[in-house]
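Asks: Below is the structure I would like to discuss, written out as C-alpha cells.
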Amino acid sequence: MKRLLFALPLVVAMIIGGFAIWGLSGGRDPSSLPSEFISKPVPQIDLAAIEGVERPGLSTADINDMDGIKLLNFFASWCGPCRAEHPNLTRLGQEEGVTLIGINYKDKPEAAAKWLEELGNPYVALGSDYSGRGGIELGISGVPETFIIDADGIIRHRFAGPVVGDGLRRFLEALDEVRQ
Amino acid sequence: MIPELGQFALSLALIAAVVQSVLPMLGAARGNALWMQSAQASALAQFVLIAFAFGALMRSYVVSDFTVENVVNNSHSLKPMLYKIAGTWGNHEGSLLLWVFILAGFGAAVAFYGRNIPMALKARTLSVQAWISVGFISFMLFTSNPFTRVFPPPLDGNDLNPLLQDVGLAIHPPLLYVGYVGFSIVFSFAVAALIEGRVDPAWARWVRPWTLAAWTSLTAGIGLGSWWAYYELGWGGWWFWDPVENVSFMPWLVGTALLHSAIVTEKRDTFKSWTILLAILTFSLSLLGTFIVRSGLLTSVHAFAVDPERGIYILGLLILSIGGSLALFAWRAPSMEGGGLFAPVSREAGLLINNLLLTTATATVLFGTLYPLFLEAITGDKISVGPPFFNAGFIPIMMPLLLVMGVGPFMSWKRADLQGVLSRLKVALAAAVVTSLIVWYVTTGGPVLAIIMMGIGVWVLVASVQEWGRRVKLFQDGAWARIRRQPRASHGMTLAHIGVALLVLGATGSSAWKEDLVAFADPGAKIDIAGFELTFESVERQRGPNYIADVATLSVTRDGEFVTTLYPERRFYPTAGSTTTESSIRQTLAGDLYASIAEPAAEGAKSDWLLRVLYEPLVNFLWIGTMFLVLGGSLSLTDRRLRVGAPRKSKSKAAPIGATPAE
Amino acid sequence: MIRAAALALALLASPAWAVEPDEILDDPVLEERARAISANVRCVVCQNEPIDSSDAGVARDLRILIRERLVAGDSDQEIFDFLVVRYGDFVLFKPPFKPSTYALWFGPFIILFIGGAAVAVSLARRPRAPVKNDLQLSAEEEADLAKLMKEDTSL
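Protein chains in written order, with the working numbering: chain A, 308 to 487; chain B, 344 to 1006; chain C, 4 to 158.
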C-alpha cells in the first residue's frame, strides 16, 4: 500500500509521457480545428451573386438541387494561396465530374470579378460574402477552405488550406472516399 | 572564427560533462576520493567553456555578425544595443545556451561553495547535475546549434519582434532560467540522497539556500513577465492561464511547497519523502515547461519554436530524467523513515496542509493545461481550457491555504495550542471582516468572491504583521535589538507572507473592479472614467531608433483639477513591418489609469483614432507584493545560518553556525 | 512623400486591436454582456486569445455578430450555443460540462480527496511513541519543557 503511494508520481508521469508521445506523433497540427459540419447537411445560407460576374447566387436550396458531388470553395482575390490552388480546382471541376461552387469571402465584387476574369471562372454558382457571415455559418477560419458535399447534400469533408502539392493528393484521397 | 571556437568550447564542455557524470558517481560508490574530487575540476571546466561559448554568441550579436544564422534570424543592425545583447537569449538556440550556462554556473557554485557538504553526497550531486548537462548540451549540438553559419551573409538581419524590444522582457528570461535551472541543484541533491539511501536533517539545510535562490529568481521572473504583459499588450491584463504561463507557475507552486517542506525536514527530521519528492517534482516541472514551450505540443501566444523533431529529443530527455528520478523515488523513498512526531495541531500539521494544498493546486493547473491534449488523443475532440476553469479550480484551493497561512507562523513545532493561537488572531479576523464589509458597502457590482478575497488578503496581512510584532515584542523596550537578533530567515518569512497578502489584494482589486472603455476620438474629444475626465489634446509624429511613432497627448483632470498628462503611442517598425502599442499609465496605490491609442480598422470610421482607457484598482499591489516576496527571499538568503560553505574570513572567528562535521 | 504614403498604407493595413467603437452598443447592459461573452470566446485563428482582444478579421466579425444577437434578444447561453454549432467546443474558454469533461471539472476535487486521504492514511499509520514510565521528569522540568516547546516557533 505504501509502495503504491510512492509509485503514484511515477505512474502519473508515465501517463503524461504517453500522451506527450502521441501529441508529437505524425503530422498532428495543434492549431487546426476539425469542422463541425462533417456528416451534416449544408447549413442555411443565401448569398447574392457577385456583381459583375455572370453566375447565379448561391443558397442551400440551390446546392441541394445540384446533382452529384459538389465542391464548395471559399476564396478571395486578396488571398495568395487561393490563386495557387485555382488551376487545380479548375481541373477538378472539368475532369473529376464534380460541380464547383464558390463563395467569395470578404472581397469587393469588382476585385473578385477582375480576379476571375484573369484566372478563369470554373464555378457554376458564386455567392458574394462581403460581410463574412457566410463563412461563419460554415465555421471557416480563413481562406481557402473547400468542402466536399456528396450527392445527398451532406458535407463529407472539409479541407483547410490550398489544394496544392501534398494537399492536392490528400484532397483527392478524400474525394475518392466520398465517391464510394 | 569566434563562433567556431564557441561551438568547439561547447563540444569540450560536453566531454567535461560526460566525465563528470561518471567519475564522481563511481568514486562515491567506491570511496575513491580522487575521483570524487574530480567533480570540482570538471565543474569548473564546464563553466569556463560554456561561459566562453555564451560570450562568443553574445559577441556575434553585439557586432551584428550576420554570417551567424542565429544572429540573422533574430537581430538587426538598427536595434538598440541592449536588445542586441538580449537577443542572445531571445530565441530557441540562444536561450538553451543561457540555460546550459546557468546550469554550469550552479554546478560550479556547488563545487566551490559547498565546502561542508559530505564528499560523497557532493560528488553524487555533481554527477547528477552533469547528467542534465549532458542531455542539454547534446540537445544543442545535435539539433539546436546557435553557431551555424550562413553564406553569403545577408546585408542585415530579420529583426527581433518589436513587441519583445522591451527592458522588462529582456531581463525576464535570465531571471526565469536562474529559477528553473536553480531547482536543478535541489533535484540533483535529492537524487543523490536517494542513491545514497538516506536523508539527514543536515541535507535539508544544504538544500535550503539553493531552493531559496532559485525560488526568489523565479518569483522575480514571473512577476516581470506579468508586469510586461500588463503595460505592453494594451488591455491591462496580467495573467491569462496560457499554457506557457502555467508551466512557469507550476514550478513556482511546488517550489514554494519545497521551501516550506525543507524547513520541516531540517528542524524536525520529518517530511523527508515529501521534501525529496517536491525537489524532484519542481525541477521536473521546469523540464516539462521547457518541453512544452519548444515542442509545439500546445498552442500558445508565447510558444518559442514549433518543432516536433526537437520536441521528441527533449521528450526523451524528460523520460530519462523525470521517469528515472521518480522510479528511484518509488524504489528508495519508502525505506527512508521519518523522525519527529507531531500533534494534529502543530506547525508541522499546518505545513502538511500547505504541502497538500500547493501540490493539489499544481496538479489542477497541470491537469487543466494538458486536458485538451488528453481529450484530443482519446476522442479526437478539440476543446479549450481557459481562465474560467483555472480560476474556478485554483481559487477555492488557495482560500483555505491563505487562511492557514495566517495561523501557521503563530503555531509552535510538535504541538501547538490552538485556542491560544486563535485568540491571538482575533484582531486579524476582525480586520478581515471589517474590510469585507467596507468593500461590500463601497463597491457596486463585483462578485461576492471578490469581497471575501479582500477580507482574506487583509487577514494574511494583519496576521503576518501581528506575528512579527509579537515575536520581536515590538512595543516593549529593546525591540530594535530583538529585531536585529532574529534570524534573517524569519524576517524573510514575514516579508514574503505580507507579499502574498498584497498579491491577493492586487489580484482581486484589478480583476473584480476593472473599468474598460473604448471610444472613437479626434483631438478635442473627452472621455469619462472612474471619476477622471480625459481630454484628447493632440497627436504628434516622432522618430525612434528603429521605429516611427504617433504620440497622443491626453490631459487628465478630476473634479476640475489637473491630475496628469498621458502620452500613449502607436509605433511602426519598418523592418519588421509591424506595429505596437505603447500605453501610458498613471500609477497610484489606489489604482492605475491606463490609456492606449490605435487607428480604427474599419473603413469610413467615424474618426482617425481609437482611444482605450482602463482603470485598474489596486493593481500596483501585485508588483509591490512581488517585490516583497523577492525581498523576503533575498533577505532569507543572507541568513548567517545558511552560509554553510562560505569561506572563513579569519581564523579567530568561531565557525559559522551552519558548519557541521560531515554527517 | 512616397514614404509618408507607404507609412500611411502600412498603418492602415495593420489592424487595430480589440473592440471598436462601431461595435459598441448603446445599451450599456447589453454592451457589458457583449464584452463578457467576447472575453470567453476563443479566436479560432489566433494562438490562444479571446476575440475581445484579438486583431483578427474573424474575431471582429464575431464581436459584431454577438452584439447583433444580443440586440435580437438572445441569452448568453444561446449565443454560446450558436458559436459552438459552427466552431465546436474549442471556441469556448470555459469548457462545457458534459461527459467528456466530467474528468476535468471533477478532477481538482478528486485530486484533493486522494491527496488528503493519502496524507491521512500515512499519518494514522505512524507508530505512536510509547510513554516510558521510567523516564519521569520533575514538576519543574515538566514546566520548563512545556515552556520551551510552547515557545519553539523558530524557523
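Backbone N, C-alpha and C fix where the C-beta goes; we use that ideal spot for every residue, glycine too.
Between glycine 1011 (chain B) and the rest of its own chain, which residues show a CB-CB distance below 7 Å, the 5 nearest in sequence each way excluded?
Replies: With chain B covering only 344 through 1006, there is no way to say anything about residue 1011 (chain B).
Asks: Using a Cβ-Cβ cutoff of 9 Å, what residues of the region 726-742 of chain B are near chain C? List them in chain order.
Replies: Ile726, Ser727, Val728, Gly729, Pro730, Pro731, Phe732, Ala735, Gly736, Phe737, Pro739 and Ile740
Asks: How do the region 782-792 of chain B and the region 755-772 of chain B stand: do at least 3 beta-carbon pairs fall below 8 Å, yes or no?
Replies: no
Asks: For a cutoff of 9 Å on Cβ pairs, would you count glutamate 480 (chain A) as touching chain C?
Replies: no
Asks: 9 Å is my cut-off, CB to CB: does methionine 754 (chain B) come that close to chain C?
Replies: yes
Asks: Using the beta-carbon count (16 or more within 10 Å), is glutamine 809 (chain B) buried or exposed?
Replies: buried
Asks: Run through DSSP, which three-state label would alanine 892 (chain B) get?
Replies: strand
Asks: Can you give me the C-alpha to C-alpha distance between glutamine 350 (chain B) and alanine 382 (chain B), rounded to a whole angstrom?
Replies: 23 Å
Asks: Mind pulling the alpha helix (DSSP H) runs of 4 or more residues that sit fully within the region 461-504 of chain B?
Replies: 462-486
Asks: Are there 16 or more other CB atoms within 10 angstroms of the CB of glycine 91 (chain C), so buried, or fewer, so exposed?
Replies: buried
Asks: Measuring only the C-alpha atoms, how far is alanine 1007 (chain B) from valine 847 (chain B)?
Replies: Outside the shown range of chain B (344 to 1006) lies residue 1007 (chain B), about which nothing can therefore be said.
Asks: Taking the beta strand (DSSP E) that phenylalanine 875 (chain B) falls in, what are its first and last residues?
Replies: 875-886
Asks: Examine chain A for any beta-carbon lying closer than 9 Å to the beta-carbon of leucine 12 (chain C), and answer yes or no.
Replies: Because leucine 12 (chain C) carries a pLDDT of 37, less than 50, the predicted location of this residue cannot be relied on, and no value is offered for it.
Asks: I'd like to confirm the pairing. Which residues does DSSP put opposite lysine 377 (chain A) in its beta bridges?
Replies: A:Thr406 and A:Ile456
Asks: Go ahead and label tryptophan 553 (chain B) buried or exposed: buried means 16 or more other beta carbons lie within 10 angstroms of its beta carbon, across all protein chains shown.
Replies: buried
Asks: Against chain A, with Cβ distances strictly below 9 Å, would isoleucine 623 (chain B) count as a contact?
Replies: yes
Asks: Strictly under 9 Å for the Cβ-Cβ distance: is glycine 632 (chain B) near chain A by that measure?
Replies: no
Asks: For aspartate 436 (chain A), which of helix, strand or coil comes out of DSSP?
Replies: strand
Asks: Would you tell me roughly how many angstroms separate the C-alpha atoms of threonine 1003 (chain B) and alanine 463 (chain B), rounded to the nearest one?
Replies: The predicted model places threonine 1003 (chain B) with a pLDDT of 40, which falls under 50 and marks its position as unreliable; any figure quoted below should be read in that light. Each residue's Cα considered, the two are about 15 Å apart.
Asks: Note the first and the last residue of the continuous beta strand (DSSP E) segment covering proline 594 (chain B).
Replies: Segment 586-611 is the alpha helix (DSSP H) holding proline 594 (chain B); no beta strand (DSSP E) there.
Asks: Could you please give the first and the last residue of the uninterrupted beta strand (DSSP E) stretch that includes glutamine 930 (chain B)?
Replies: 927-930
Asks: Between threonine 396 (chain B) and leucine 353 (chain B), is the Cβ-Cβ spacing less than 9 Å?
Replies: In the sequence on display, residue 396 (chain B) carries alanine and not threonine. Yes, the Cβ-Cβ distance between alanine 396 (chain B) and leucine 353 (chain B) is below 9 Å.
Asks: First and last residue of the alpha helix (DSSP H) that includes leucine 854 (chain B)?
Replies: With the sequence shown as reference, residue 854 (chain B) is identified as serine, and leucine is not the correct amino acid for it. Counting along the chain, the alpha helix (DSSP H) containing serine 854 (chain B) begins and ends at 831-855.
Asks: Are the C-beta atoms of glycine 325 (chain A) and some chain C residue less than 9 Å apart?
Replies: No, no contact with chain C.
Asks: Taking the alpha helix (DSSP H) that tyrosine 520 (chain B) belongs to, which residues open and close that run?
Replies: 510-539
Asks: Assuming serine 939 (chain B) is part of the beta strand (DSSP E), what are its boundary residues?
Replies: 934-941
Asks: Looking only at its chain, what residues have a beta carbon closer than 7 Å to the beta carbon of alanine 535 (chain B), apart from the 5 residues adjacent to it on each side?
Replies: Cβ contact annotation for alanine 535 (chain B) (same chain, cutoff 7 Å, sequence separation greater than five): Leu464, Arg467, Thr468 and Val471, in chain order.
Asks: Once you ignore the five residues that flank glycine 751 (chain B) on each side, which residues in its own chain have a CB closer than 6 Å to its CB?
Replies: Gly693
Asks: With 9 Å as the limit, tell me which residues of the region 556-578 of chain B have their beta carbon closer than that to any beta carbon of chain C; keep them in chain order.
Replies: Leu576, Gly577 and Trp578
Asks: Any contact of the region 971-986 of chain B with the region 883-890 of chain B, i.e. 3+ C-beta pairs under 8 Å?
Replies: no
Asks: Hey, how far is the Cα of leucine 507 (chain B) from the Cα of alanine 513 (chain B)?
Replies: 8 Å
Asks: What is the residue span of the beta strand (DSSP E) that tyrosine 958 (chain B) lies within?
Replies: Here the beta strand (DSSP E) through tyrosine 958 (chain B) covers 952-960.
Asks: Would you mind telling me which residues of chain B sit closer than 7 Å to tryptophan 329 (chain A), beta carbon to beta carbon, in chain order?
Replies: Neighbours of tryptophan 329 (chain A) on chain B, chain order: Ala720.
Asks: Chain A beta carbons: is any one of them nearer than 9 Å to that of arginine 991 (chain B)?
Replies: Here arginine 991 (chain B) scores only 37 on pLDDT, less than 50, and its place in the model is too uncertain to base an answer on.
Asks: Report the three-state DSSP secondary structure of arginine 914 (chain B) (helix, strand or coil).
Replies: strand
Asks: For a contact defined as C-beta to C-beta under 9 Å, what are the partners of phenylalanine 971 (chain B) on chain C?
Replies: Here the premise fails: no neighbours, minimum Cβ distance about 17 Å.
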